[in-house]
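Enquirer: Got a structure for you, written out below as structure tokens; questions coming shortly.
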Amino acid sequence: MRTANELAEFLGATILGNGNLPVSGVANPDAARAEDLIYVDSPRHLERAAGSEALCVLVPAGMELAGKTTLEVKSPKFAFAKAAAWLLPRPALRAEIHPTAIVANSARLSAGIRIGPYVVIEDEAEIGHGSELDAFCFIGRGAKVGRDCRLHPRVTLYAGATIKDRVELHSGVVIGADGFGYVFGEGRHVKFPQVGRVEVGDDVEIGCNSCVDRGSLDATEIAAGVKIDNLVQIAHNVKIGENSVVAAQVGISGSTSIGDSVMIGGQVGIADHCTVENGAILGAQAGIPTGKTIRGGDVVWGTPARPIERFKEQYGWISRLPDLASRIRKLEDDRKR
Amino acid sequence: MRTANELAEFLGATILGNGNLPVSGVANPDAARAEDLIYVDSPRHLERAAGSEALCVLVPAGMELAGKTTLEVKSPKFAFAKAAAWLLPRPALRAEIHPTAIVANSARLSAGIRIGPYVVIEDEAEIGHGSELDAFCFIGRGAKVGRDCRLHPRVTLYAGATIKDRVELHSGVVIGADGFGYVFGEGRHVKFPQVGRVEVGDDVEIGCNSCVDRGSLDATEIAAGVKIDNLVQIAHNVKIGENSVVAAQVGISGSTSIGDSVMIGGQVGIADHCTVENGAILGAQAGIPTGKTIRGGDVVWGTPARPIERFKEQYGWISRLPDLASRIRKLEDDRKR
Amino acid sequence: MRTANELAEFLGATILGNGNLPVSGVANPDAARAEDLIYVDSPRHLERAAGSEALCVLVPAGMELAGKTTLEVKSPKFAFAKAAAWLLPRPALRAEIHPTAIVANSARLSAGIRIGPYVVIEDEAEIGHGSELDAFCFIGRGAKVGRDCRLHPRVTLYAGATIKDRVELHSGVVIGADGFGYVFGEGRHVKFPQVGRVEVGDDVEIGCNSCVDRGSLDATEIAAGVKIDNLVQIAHNVKIGENSVVAAQVGISGSTSIGDSVMIGGQVGIADHCTVENGAILGAQAGIPTGKTIRGGDVVWGTPARPIERFKEQYGWISRLPDLASRIRKLEDDRKR
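Protein chains in written order, with the working numbering: chain A, 140 to 476; chain B, 140 to 476; chain C, 140 to 476.
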């Protein structure tokens, strides 16, 4: 059990109230019990927090809340996320190789790992210290899992796929399948060689049933800190820069390069050989045609994607078309008179 | 073997013709054999039914079909669906816990269930009477499967996920993974707590490789009778009301609320914190921006979605733009003269 | 180890230079080592090839490259794809039924197959000669796998699904689940019978986590040579003609018919009962409304999809709307004077 004082110390917060208050969980103000931590980030939500059963509240500088113990922090929501991880830590790993796991003799397994039931690990694969592989994970020949990774049930790593440290892969993720490339000739599609690498960087999280293909001749590379949602498609040779965020059902086509800290909304489609520079924001369902560049910091929407202000302006003009047409008609009528 | 009379009784239909006719299956008119049931719902398809080898036909009131035994019903297609389930019932469950299934001691398994090969059921999970779990299903700690459920091969229920009675989950479905929410600070994305519940109601069916995330602090809730197609993404805290229908590849973002009997077309994207009221219809590929409300019974299309009549009207105006432009030019030329 | 001469013979190429040069792999010019094969298809890339460490280069007729051994071919990229398959053949299959595979007594397994760990094969299923099924594959009752197929880990074939020869299915593919069809009545959605067949033709490749549903009463049919990318949805009763190519995250709704050699871009959505004729090209994210026909050889884009030239023209007109409006205003002002 943690106390408000300990939490304040962990967060570097200024505490006001009862420092011995026990804090054991996190919740929404409405659902919170006395020992849950809650947060407020704007005066608009003050009343909701005041009415909560929670006794300990993260607040921005200068906000007072009668009857509560408050912890003043710069960003209450960020502090809440950090506090949650600290109050509700992942249970300590119970090192075990489940007897039903099938591990090739030449696989290199570090100590201190958990390999769940019915996991298959093929020749020369490597699993780093502190990693957990849940049931039905498949680690192909020569694939590498770094330290402190978490693979939920039935993740597939094709032969040679590499994931680095503290990577979390959700159920159904597939890393390293052949990219989608063919050359048509002699009456059939012949596969263009799909023999490149795929590497997923430190602290990456990838959502359920998402797919990251291996490179064709080059490499597919997901940099450190990237967060990818469910049902996302990352094609061969794609690069995604550090800390970029990719929402659900996005598709990124071959050889496209995404910069750092890019935000990609749900169902966005990016064609092949595009460049999305650092810090760009792509609105949900936007479509980027082949070979286009989205400039750093631009916010775009629509298909083909354009700056969101222009999208909205054009959209406004379309709404005014009936009016324009009637004005033209009026001018024509006047002329006839 | 059933007879036409028995079928008429089951459906509450008025029979005309040979009541002793055997009826053993269902088919399209073109592919039907003598003992298959077929249906006609409009005079347009009368000829096709007349030419079929099938001898027993579901028809709307007042429709005659020489040489066939007809069963008059209010809605032939609905009666056909009911008849199919009655003529071709799911084979009786053969209760069995496959010897390769790994079931935690603290899991509570009802009698009369079938647990397929290589199923993994973790601590304190519950499986209700009459449920079937096919190969490679994973039921996480404390997850609950109700009565008479059908989980096809390799369904994943994360810890704590709850599905109620008569739920059918197709191969690759994942229920209860972490939602996608982060707070950026100190140079990295920290996960916002994803510790809420997820509950799937009675009689829900979810298609292959679809994903329903758990709530962040609240709950994700799919109400009774909802039907969800393949490759659908349901984010944290989403609510879907009774009997709503969600076509393939739809994405519903966090904290969005869908009413009852809503129809969502394929590839629709709904951003976060939207409200879709009862009975609304969202055309395929429509996009609903953050925070929008779609009114009850509205039919919308496009991105950003608007009423379909307005969408079509605006689309029509766009087609007339070259004409408008040439009329403006003409007016300008006239003025110069 | 192959030589340049052997490769020239295999490809029917005209060789210029050292025929005894060893050739052992394929690569991009930048990454190539001396023994890798590279290709050039246009003079633009000549310099890059000239600077490569690779010594053996596929070139189009008439292109010279000092210091390299060149193999003149009609289509260097196609020859490169063929050469890659020949230089880097799939390792010879090591016939084996893994002892953990669960194979029903009534299943018919040909000789010369590899069945991986934890595969489940149900009653009356068939596996043809030379096929490989990786870990966690599930072959339902009566499903058929042809000759020389490759099923990557955790592919699901529902009961009765049929795949023919040389089919490659990537991890997470599901073939033959129930289609998505209901009839609403008596306050609930009753499933329309989903009892039809599904057949995947020779030489088809299907990407990770893609889904092909069985027919409702008819059949779902993927013809020979079709290539389907990741996360694609193929609904009940869909037909796809020979050698068509379907990019990632495409959705094809029920009873739609796709011709031969059709190219479908990423995230395209095709509603039900559409016809896409031979050789049509559907641009990424295009949407085809219910019942539409796309003519043979047409190139379309947008939602609703229209010929790409018209799409671009209309898009251009939208950009000119502010100008048109100011011209109308000017005409109005002039008139007032």
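Glycine included, every Cβ here is placed at the ideal spot set by N, Cα and C.
(1) What are the complete beta strand (DSSP E) segments, minimum 3 residues, inside the region 164-227 of chain C?
(2) Looking only at its chain, what residues have a beta carbon closer than 6 angstroms to the beta carbon of S394 of chain C, apart from the 5 residues adjacent to it on each side?
(3) Can you pull out the residues from the region 279-313 of chain B whose beta carbon lies closer than 7 angstroms to at least one beta carbon of chain A?
(4) Taking its Cβ as the centre, do 16 or more other Cβ atoms sit within 10 Å of D357 of chain C, making it buried, or is it exposed?
(5) For P256 of chain C, which residues in chain A fall below 7 angstroms Cβ to Cβ?
(6) Of all the residues that make up the region 364-393 of chain A, which are near chain B by a beta-carbon distance shorter than 8 angstroms?
(7) Can you find the residues in the same chain that come closer than 6 angstroms, C-beta to C-beta, to I278 of chain B, ignoring five residues on each side of it along the sequence?
(8) Rounded to whole angstroms, what is the Cα-Cα separation between D291 of chain C and A300 of chain C?
(9) Considering only residues of the region 341-410 of chain A, which uninterrupted beta strand (DSSP E) runs meet the minimum length of 3 residues and lie entirely inside it, listed in chain order?
(10) Beta carbon of V525 of chain C, beta carbon of P215 of chain C: below 9 angstroms?
(11) Name the chain A residues whose beta carbon is nearer than 8 angstroms to that of C413 of chain B?
(12) Nearest-angstrom Cα distance between V322 of chain C and S355 of chain C?
(13) Is there a Cβ of chain B sitting closer than 9 angstroms to that of W456 of chain C, yes or no?
(14) For the beta strand (DSSP E) holding Y454 of chain C, just list the boundary residues, first then last.
(15) Just checking: is the beta-carbon of P228 of chain C within a distance shorter than 9 angstroms of some beta-carbon in chain A?
(16) Determine the direct distance from the alpha carbon of D472 of chain B to that of L463 of chain A, and round the result to whole angstroms.
(17) Taking Cβ positions, are H309 of chain C and S245 of chain C nearer each other than 9 angstroms?
(18) Taking the alpha carbon of V313 of chain B as the point to measure from, which residue in B:P182, B:G418, B:I373, B:R474 has its own alpha carbon closest?
(19) Please tell me whether G422 of chain C has its Cβ less than 9 angstroms away from any Cβ of chain B.
(20) For I236 of chain B, which residues from the same chain have a beta carbon less than 6 angstroms from its beta carbon, with the 5 sequence-adjacent residues on both sides left out?
(21) List the whole-angstrom C-beta distance separating V351 of chain B from V339 of chain B, where the pair is believed to meet the contact cut-off of C-beta under 8 angstroms.
(22) With a cut-off of 9 angstroms, does the C-beta of Y321 of chain B fall near any C-beta of chain A?
(23) If distances are taken between C-alpha atoms only, which option among C:G151, C:D317, C:V401, C:N159 comes closest to A218 of chain C?
(24) Going straight from the alpha carbon of D341 of chain C to that of K303 of chain C, what length do you get?
(25) Given this structure, state the Cα-to-Cα distance separating P461 of chain B from W456 of chain C, to the nearest angstrom.
(26) For S214 of chain C, return the contacting residues in chain A, with the cut-off set at a CB-CB distance below 8 angstroms.
(27) Quick one: does K330 of chain C have its CB under 9 angstroms from some CB of chain A?
(28) Roughly how many angstroms separate the alpha carbons of L160 of chain A and V439 of chain A, rounded to a whole number?
(29) Taking D357 of chain A as the query, report the chain C residues whose CB atoms sit under 7 angstroms from its CB, ordered along the chain.
(30) Residue range of the alpha helix (DSSP H) that F275 of chain A falls in?
(31) For G340 of chain B, decide whether its Cβ has a neighbour in chain A, counting only Cβ atoms nearer than 9 angstroms.
(32) Closer than 9 angstroms, CB to CB, is D317 of chain B near chain A or not?
(33) Give the residues from the region 459-470 of chain A that approach chain C closer than 7 angstroms (Cβ to any Cβ), ordered along the chain.
(34) Does any residue of chain C bring its CB to less than 9 angstroms from the CB of Q333 of chain B?
(35) Under the three-state reduction of DSSP, which class applies to F149 of chain A: helix, strand or coil?
(36) Can you grab the Cα-Cα spacing for the pair G468 of chain A / I467 of chain C, in whole Å?
Expert: Working from what's here:
(1) The DSSP assignment places complete beta strand (DSSP E) segments of no fewer than 3 residues inside the region 164-227 of chain C at 175-178, 195-199, 208-212, in order along the chain.
(2) N376, D411, H412
(3) R293, T295, G311, V313
(4) buried
(5) I241, V259
(6) G364, K366, D368, N369, L370, N382, V384, A386, A387, Q388
(7) I260, A264, L296
(8) It is worth fixing the name first, because residue 291 of chain C is His in this sequence and not Asp. In a straight line, the C-alpha of H291 of chain C is about 17 angstroms away from that of A300 of chain C.
(9) 358-361
(10) Past the edges of chain C, shown from 140 to 476, lies residue 525 of chain C, and the structure says nothing about it.
(11) In chain order: nothing, as chain A lies at least about 11 angstroms away.
(12) 13 angstroms
(13) yes
(14) Premise fails: Y454 of chain C lies in the alpha helix (DSSP H), 447-458, not in any beta strand (DSSP E).
(15) Interface criterion not met: the Cβ of P228 of chain C is under 9 angstroms from no Cβ in chain A.
(16) 19 angstroms
(17) Going by C-beta atoms, H309 of chain C is not nearer than 9 angstroms to S245 of chain C.
(18) B:I373
(19) no
(20) I254
(21) 7 angstroms
(22) Answer yes: the Cβ-Cβ gap between Y321 of chain B and chain A drops below 9 angstroms somewhere.
(23) C:G151
(24) The straight-line gap from Cα to Cα measures roughly 5 angstroms.
(25) 7 angstroms
(26) V322, G324
(27) Not one chain A Cβ lies under 9 angstroms of K330 of chain C.
(28) If you take the alpha carbons of L160 of chain A and V439 of chain A, they lie about 47 angstroms apart.
(29) N167
(30) Looking at the DSSP string, F275 of chain A is not in any alpha helix (DSSP H), and its letter there is neither H nor E.
(31) no
(32) Judged by the 9 angstroms Cβ criterion, D317 of chain B is in contact with chain A.
(33) L463, R466, I467, L470
(34) no
(35) Helix at F149 of chain A.
(36) Note on identity: in this sequence residue 468 of chain A is Arg, with Gly being the wrong assignment. Taking the straight line joining both Cα atoms gives about 11 angstroms.
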